[in-house]
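Contents: one structure, followed by commentary.
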RNA sequence: GCCCCCAUCGUCUAGUGGACUAGGACGCAGCCCUUUCAAGGCUACGACCGGGGUUCGAAUCCCCGUGGGGGCACCA
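Residue numbers (this note's numbering): 61 to 554.
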């Protein structure tokens, strides 16, 4: 367990949607911050203006809030280490880039995109070991370079990678990762528009914002040595680096593609957090699900956020890629729904019901909720299990009113007998209505499944429903009798 | 092609040299409960990638294969 307050961050770019991997990094970062009494920070990495998607930032914030892991510092909440949007930190990067150039760790590069493209093409046709920058501008005299810069020539700034030896970087999950420097490139750290690339911006910001633990996707592993080199060039302390594993598509064959996402959506699932709510998932279920992709828990894996905060440790993260398993999401969602109090659950279900045009009375909803709770996988399942409680009348399929092994005439007779039994009763509560109906089953020679099946279809309008007598009690005598009469009419017309 | 990472049931994982007959969860199958569907309970099926070492002893450490994944931009 960490003892010093940790500062962690989530640094997404507002270029697309907020997906599972983002959410999982956010969760782990949040957990580390919480358990050490530190801060979790949201920083927007918007240096690539060509890929900027309007509204993406809002989706990120909304998703984090919905999950219940909102940041302590962010562009919206502010904080003492802002600004939290990289485009607003332009001058800071400029200053640090200049420092790198002055120290001889970086140099201006005047190569045009066209030249670079051609260079790569040539390298490929020559089948060179590795396609990379050829170092043309690295050779330039610093004075000459400075003259061209002041002359107004367009340029980028490249990091001067050591050409001999190797770089060892330490990942908390994987241990030391060593790469021969000759395989590393002179990466561009400031673009010709004056904005930094990730490599510079993230290192500068993590330092400036006093980040102690960097949790980021394993996709960064290949440039990890570069990042460490940049930090060493500045002479800064390194944070604890944690690279949680890549998330794979359900088949385990590669990352999720656009096509895979569409397929998941078809199936009532999604890898995008802002879809999950509409699909009926709870933050608790989603959180528990993503927490366990790459976090090894031996037993008792159903956890709330609070329990995760107590139990989480970056020591228990796994290095191997994990396939996304939506069945497990359903499982966790269902179990967390069952853990909710009746009031809480009712409140969460209501929007799905009213959203479907149903008129929902809170009093009734509170009675219905315990009946459907253990049947729900997603919150919108409440529609299939509870709609009939809130409808004036119900329209059963004629064939559903015919009991198994019987014909329409026999079924109609059972329905009529049931009506005769229920009509004189003061009410159709469970304790009042069930005994005489049980007695009828005994006496009639039909089995319970047949009799109650007809009654269920008549009263609920469907073959599958919550327990029959409990349901009738909530629906009430008048409506029950009404629906039963309606069913008799249908059966007699068959 | 080059570089990097990874390797236990179908999937997510526990396991840090002897307590492993390899544990849990999801899923799957069966049974119990039951007026339907669930939930719940019980049971079953199911894995240490291969080969070499190291060691009295290896799922665990090392090497080599093989397989899988990721990355090779003035994107993050």
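In this text, a Cβ means the ideal position worked out from N, Cα and C, and glycines have one as well.
In this text the structure is predicted, and so the values were computed from the model without any measurement.
Inset, instruction - Please state whether DSSP places residue 222 in a helix, a strand or coil. - result: Residue 222: coil per DSSP, three-state reduction.
Legend entry - residue 229 (DSSP reduced to helix, strand or coil): If DSSP states are grouped into helix, strand and coil, residue 229 belongs with the strands.
Legend entry - Contacting residues, own chain, Cβ-Cβ under 7 angstroms from residue 173 (five flanking each side not counted): Hits under 7 angstroms: none found.
Inset, instruction - Can you tell me which of the three DSSP states residue 145 falls into? - result: Strand, per DSSP.
Inset, instruction - Whole angstroms is fine: what's the gap from residue 546's alpha carbon to residue 472's? - result: The straight-line gap separating the alpha-carbon atoms of residue 546 and residue 472 is approximately 11 angstroms.
Legend entry - Cα-Cα separation between residue 259 and residue 220, rounded to whole angstroms: Straight-line Cα distance between these residues: approximately 13 angstroms.
Inset, instruction - Compare the beta carbon distance of residue 369 and residue 127 with 8 angstroms and say whether it is the shorter of the two. - result: In this structure, residue 369 sits away from residue 127, with a CB-CB distance that is not shorter than 8 angstroms.
Legend entry - Limits of the alpha helix (DSSP H) - the one that residue 287 falls within: Run containing residue 287: 284 to 294, per the alpha helix (DSSP H) assignment.
Inset, instruction - May I ask you to check if the CB of residue 197 is nearer than 7 angstroms to at least one heavy atom of the ligand NAD? - result: This structure lacks the ligand NAD, and indeed carries no ligand of any kind.
Inset, instruction - Consult DSSP for residue 243 and reduce its assignment to one of helix, strand or coil. - result: Three-state DSSP puts residue 243 in a helix.
Inset, instruction - Pull up the distance between the alpha-carbon of residue 77 and that of residue 358, whole angstroms please. - result: Distance between the alpha carbons of residue 77 and residue 358: 32 angstroms.
Legend entry - Delimiting residues of the beta strand (DSSP E) encompassing residue 166: Looking at the DSSP string, the run of the beta strand (DSSP E) that includes residue 166 is 166 to 169.
Inset, instruction - Can you tell me the Cβ-Cβ gap for residue 533 and residue 490, rounded? I've got them flagged as a contact below 8 angstroms. - result: About 5 angstroms separates the beta carbons of residue 533 and residue 490, which is inside the 8 angstroms limit, making them a contact pair.
Inset, instruction - Would you mind stating whether residue 274 and residue 153 have Cβ atoms separated by less than 8 angstroms? - result: No.
Inset, instruction - Flag this pair as touching only if the region 104 to 115 and the region 213 to 232 have three or more C-beta atom pairs under 8 angstroms; answer yes or no. - result: Not touching, per the Cβ criterion.
Legend entry - For residue 194, the three-state DSSP class (helix, strand or coil): Reduced to three states, the DSSP call for residue 194 is coil.
Inset, instruction - From the DSSP output, read off the bridge partner residues of residue 134. - result: The partner list for residue 134 (beta bridge, DSSP) reads 138.
Inset, instruction - Round the Cβ separation of residue 466 and residue 548 to the nearest angstrom and send it over; I've been treating them as touching at under 8 angstroms. - result: The Cβ separation is near 15 angstroms, so there is no contact.
Inset, instruction - Give me the Cα-Cα distance between residue 62 and residue 379, rounded to the nearest whole angstrom. - result: Here residue 62 scores only 45 on pLDDT, less than 50, and its place in the model should not be relied on; the value that follows carries that caveat. So the two alpha carbons sit approximately 20 angstroms from each other.
Legend entry - Beta-carbon proximity check, residue 83 vs residue 123, cutoff 8 angstroms: Residue 123 is positioned such that its CB atom lies closer than 8 angstroms to that of residue 83.
Legend entry - Beta-bridge pairing of residue 100 - partner residues as DSSP gives them: Under DSSP, residue 100 forms a beta bridge with 68.
Legend entry - Beta-carbon proximity of residue 390 to residue 302, cut-off 8 angstroms: For residue 390 and residue 302, no; Cβs fall outside 8 angstroms.
Inset, instruction - State the beta-bridge partners of residue 235 as determined by DSSP. - result: Paired residue(s): 231.
Legend entry - Inter-residue Cα distance where the pair is residue 67 and residue 392: Cα to Cα, the separation comes out at about 29 angstroms.
Inset, instruction - Starting from residue 349, trace the alpha helix (DSSP H) both ways and give me its first and last residue. - result: Per DSSP, residue 349 is one residue of the alpha helix (DSSP H) stretching across 343 to 351.
Legend entry - Distance CB(residue 347)-CB(residue 87) smaller than 8 angstroms: A contact, by the Cβ cut-off of 8 angstroms.
Inset, instruction - Give the DSSP-derived three-state secondary structure of residue 534 in the structure shown. - result: Helix.
Inset, instruction - Enumerate, from N- to C-terminal direction, the unbroken beta strand (DSSP E) stretches of 3 or more residues contained entirely within the region 295 to 349. - result: Fully enclosed beta strand (DSSP E) runs of 3 or longer: 300 to 302.
Legend entry - Element boundaries [alpha helix (DSSP H), containing residue 432]: Looking at the DSSP string, the run of the alpha helix (DSSP H) that includes residue 432 is 422 to 432.
Legend entry - residue 566, DSSP secondary structure in three states: Here the chain covers residues 61 to 554 and nothing more, so residue 566 does not appear.
Legend entry - Spatial distance of residue 401 from residue 407 (CA atoms): Rounded to whole angstroms, residue 401 to residue 407 spans 10 angstroms at the Cα level.
Inset, instruction - May I have a chain-ordered list of the beta strand (DSSP E) segments no shorter than 3 residues that lie completely inside the region 444 to 500? - result: Taken in chain order, no unbroken stretch of beta strand (DSSP E) lies wholly in the region 444 to 500 with a span of 3 residues or more.
Legend entry - Environment of residue 185 [buried if 16+ CB atoms lie within 10 Å]: Exposed: under 16 other Cβ atoms inside 10 Å.
Inset, instruction - My understanding is that residue 593 touches residue 454, with C-beta atoms under 8 angstroms, so please give their C-beta distance in whole angstroms. - result: With the chain running from 61 to 554 in the structure shown, residue 593 is simply not present.
Legend entry - Cut-off 6 angstroms between Cβ atoms - residues of its own chain near residue 236, not counting five sequence neighbours on either side: Short of 6 angstroms from the beta carbon of residue 236, and not among the five residues preceding or following it, lie these beta carbons of its own chain, in chain order: 228 and 230.
Inset, instruction - Take residue 334 and list the residues in its own chain whose beta-carbon comes closer than 6 angstroms to its own, dropping the five residues that flank it on each side. - result: Cβ within range, chain order: 119 and 123.
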